[in-house]
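Enquirer: Supplied in structure tokens, the structure appears directly below.
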Amino acid sequence: MEIINDKKDGATEGAKTSAEAIVNNKMTAIWGGGALIVCGALWLCHNYGLLSPLFFDHLFSWQSLVIICGLWLVATREYVWGSIITAVGITFLVIDICGICISFTKLVLPILFMAAGVALVVAALTRKKS
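Take 664 as the starting number for the sequence shown in the numbering used here and just add one per residue.
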């Protein structure tokens with residue numbers, strides 16, 4: 664009778680963490696490294712006065728981070744959520760650049776309630792009967 668030890672192979676596969684999987688992905692490492700190089704170069708240009716402070720503030724803002732997260736979701740084939748998050752980030756960035764003052768409780772919160780209601784109605788109407 665022969666005993667097969669599968670733990671040795673399974674242990675090495677299970678030992679890989681998600682961080683190792685990301686680093687091992689060549690394209691992810693290339694794009695991530697390129698993004699860090701560009702960010703560092705832009706920051707260096709800002710420190711030496713080669714970039715407008717206003718441009719730098721908009722480039723490295725929370726809105727830009729939301730846009731990047733949305734684009735990352737699109738790149739990982741989460742098209743619907745990626746598009747929504749990217750659109751929200753772009754909207755808030757344009758609002759910030761144009762200097763439009765929007766009250767969260769007077770405008771944004773009611774729109775969010777209406778959007779949630781529309782989503783519930785559409786989900787109920789498109790749900791298959793079981």
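Don't be surprised by glycine CBs; every beta carbon is placed ideally from N, CA and C.
Would you give the residue range spanned by the alpha helix (DSSP H) that CYS732 belongs to?
Expert: As a working note, residue 732 is residue 69 in the sequence shown. CYS732 -> alpha helix (DSSP H) spans 725–738.
Enquirer: What does the alpha-carbon distance come out to for the pair VAL751 and THR691?
Expert: On the sequence shown, residue 751 is found 88 positions in, with the first residue counted as 1. On the sequence shown, residue 691 is found 28 positions in, with the first residue counted as 1. Approximately 25 Å, taken between the alpha carbons.
Enquirer: Compute the Euclidean distance between the alpha carbons of LEU749 and ALA738, then round it to the nearest angstrom.
Expert: As a working note, residue 749 is residue 86 in the sequence shown. As a working note, residue 738 is residue 75 in the sequence shown. Note on residue identity: the sequence assigns Thr, not Leu, to residue 749. Roughly 12 Å between the two C-alpha positions.
Enquirer: By DSSP, does THR748 sit in helix, in strand, or in coil?
Expert: Position 85 of the sequence shown holds residue 748. First, the amino acid is wrong: residue 748 is Ile here, not Thr. Correct three-state label for ILE748: helix.
Enquirer: So ILE700 is in the alpha helix (DSSP H); what residue range does that whole segment cover?
Expert: As a position in the sequence shown, residue 700 is number 37, starting the count at 1. First-last of the alpha helix (DSSP H) with ILE700: 689–710.
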